[in-house]
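Enquirer: My questions all concern the structure below.
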Amino acid sequence: MSAEIIDGKKIAAEIRQRLKEEIAADTHEDLPVLAVVLVGENPASQIYVRNKKKAAEEIGMGCEVVEFAESIGENALLHSLEELNENPHINGIIVQQPLPSQINLQKVLEAILPEKDVDGFSPYNAGLLQIKDPSAIVAATPKAVLTLLQKQLGDLSGKHAVIIGRSNIVGKPLALLLLNHDCTVTIAHSKTKNLSALCQEADILVCATGKAKMVKKDWVKKGAVVIDVGINRLENGKLCGDVDFDEVQKHAAAITPVPGGVGPMTIAMLLENTWEAFKKQKNQEKTCHCGHHHDCCCHSHKSHE
Ligand code: NDP
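Take a look at the structure:
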């Protein structure tokens, strides 16, 4: 038996096409705009930012890349985020990571207005996810994994999901998201004992460790769905995931490839988050009669609605 290959590239293309049509059909005069803050000249970050800009523009979304020198001070960066928060033409703001060491990442994430935090990394949106508030903006990679799983399996209720990795941007929010969809969730990490035995229990196995090919065939229960979040560059320059694809694909029911799995879906989800944020902001403007944006009284007083 050979696993079904979950074609993230194709599913992402369909989502981008839907967004493109929705944006084109929208009656608003202005377009959604994503601001991407890029600090320094990390070559990988530059490629990621370029790809996000290209993908945004292809669906008719604006994308402003705001670039700063590696040496920028924390206050100057925070100030620029404030300006983006206040700019009514910007609907989504993301800060490309990693940031240089003089900048406190947490302060930066807290500085982004929650309704423009389309990466969903701010403590506010992370908190909304935790209390299962439907207005949470959910981080793109966990959302990508959920979307692929729902497409593959339909209802996820009662499935046992094992997630290897507990980062704030992948493992933890994904665990909450799957819990909110009634999975039984186990989170594994570098201190987990008997990891392979634990993984064998999984109906859904997600690996997000950044360790090339660590998940082997005998870690995977027959019939399990395997989602590989990892992106690793091998010595020969090729990309590979955290799962030993050639081995595991003979065993699993379905598996995502790397590249072409979670990666393209992540960008599609970021665009979707920005489009949703734009629509919400426009609706808020409509219900607001005082003409202000973020500090508007109608955010706190129902009587204005
Ligand atoms: P982090 O380095 O922040 O987290 C890695 C996690 O994996 C940690 O929780 C760590 O455990 C755990 N881990 C590491 N080694 C092992 C091991 N041998 N056994 C068990 N657990 C282990 O990474 P990220 O979450 O940011 O990213 C993970 C991977 O996903 C990377 O390859 C990254 O490039 C990729 N990625 C892909 C994206 C996409 O769009 N496809 C988006 C984001 C990330 P501990 O906490 O104990 O240290």
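All letters in the sequence shown, in the order written, are residues 1 to 305 by our numbering. Idealized CB from N, CA, C, for every residue including glycine. Since this is a predicted model, take the numbers as computed values, not measurements.
(1) Using the C-alpha atoms, what's the distance from H251 back to E4?
(2) Mark A249 as exposed unless 16 or more other C-beta atoms lie within 10 angstroms of its C-beta, in which case mark it buried.
(3) Which value, in whole angstroms, describes the spacing of the CA atoms of H304 and N283?
(4) Which residue wins for smallest C-alpha separation from L31, given the options K52, G40, N91, K53?
(5) I'd like the span of the beta strand (DSSP E) that includes S92, first residue to last.
(6) Check H160 in the structure and name its three-state DSSP category.
(7) Where does G223 land, buried or exposed, given buried means 16+ other C-beta within 10 angstroms?
(8) What's the call for M269, buried or exposed, on a 16-neighbour Cβ count within 10 Å?
(9) According to DSSP, is T186 part of a helix, a strand, or is it coil?
(10) Which first and last residues belong to the alpha helix (DSSP H) in which L271 is found?
(11) Straight-line CA distance for D218 to D246?
(12) Determine, using beta carbons only, whether I227 and V262 come nearer to each other than 8 Å.
(13) If you draw a straight line from the alpha carbon of S122 to that of L84, how long is it in whole angstroms?
(14) Kindly examine ligand 2 and report whether one of its heavy atoms sits closer than 7 Å to the Cβ of G154.
(15) Quick check: what's the CA-CA separation for A12 versus K54?
(16) Could you say which of L271, T287, F278 lies nearest to V49 if we only look at CA atoms?
(17) Return helix, strand or coil for R18, following the three-state DSSP convention.
(18) Give me the DSSP bridge partner(s) of D203.
(19) Output the distance between the C-alpha atoms of E14 and P264, rounded to the nearest integer angstrom.
(20) With distances taken from CA atoms, which of G60, L99, Q97, D117 is nearest E82?
(21) Rounded to whole angstroms, what's the CA-CA distance from L19 to E58? Just pull it up for me.
(22) Rounding to the nearest angstrom, what Cα-Cα distance links V225 and L128 in this structure?
(23) Given the structure, does V226 come close to ligand 1, in the sense that its CB is under 7 Å from one of the ligand's heavy atoms?
(24) Is the CB-CB distance between A277 and I137 below 8 Å?
(25) Which value, in whole angstroms, describes the spacing of the CA atoms of Q150 and K10?
(26) Using only the heavy atoms of ligand 1, determine whether one of them is closer than 7 Å to the beta carbon of V262.
Expert: So, to answer that:
(1) 10 Å
(2) According to the sequence as given, residue 249 is Gln; it is not Ala. It counts as buried.
(3) Any answer about H304 is weak, because its pLDDT of 40 lies below 50 and its placement is not dependable; what the coordinates show is given next. Roughly 13 Å between the two C-alpha positions.
(4) N91
(5) Just to set this straight, residue 92 is Gly in the shown sequence, not Ser. Its beta strand (DSSP E) spans residues 92-95.
(6) strand
(7) Exposed, because fewer than 16 other Cβ atoms sit within 10 Å of the Cβ of G223.
(8) buried
(9) Strand.
(10) 262-287
(11) 13 Å
(12) In this structure, V262 lies closer than 8 Å to I227 by Cβ.
(13) 15 Å
(14) As presented, the structure is devoid of ligand 2, carrying ligand 1 as its sole ligands.
(15) 14 Å
(16) Here the closest residue by C-alpha is L271.
(17) helix
(18) None, per the DSSP bridge assignment.
(19) In a straight line, the C-alpha of E14 is about 11 Å away from that of P264.
(20) Ranking G60, L99, Q97, D117 by Cα distance to E82 puts D117 first.
(21) 10 Å
(22) 28 Å
(23) no
(24) yes
(25) Between Q150 and K10, the C-alpha separation is close to 15 Å.
(26) yes
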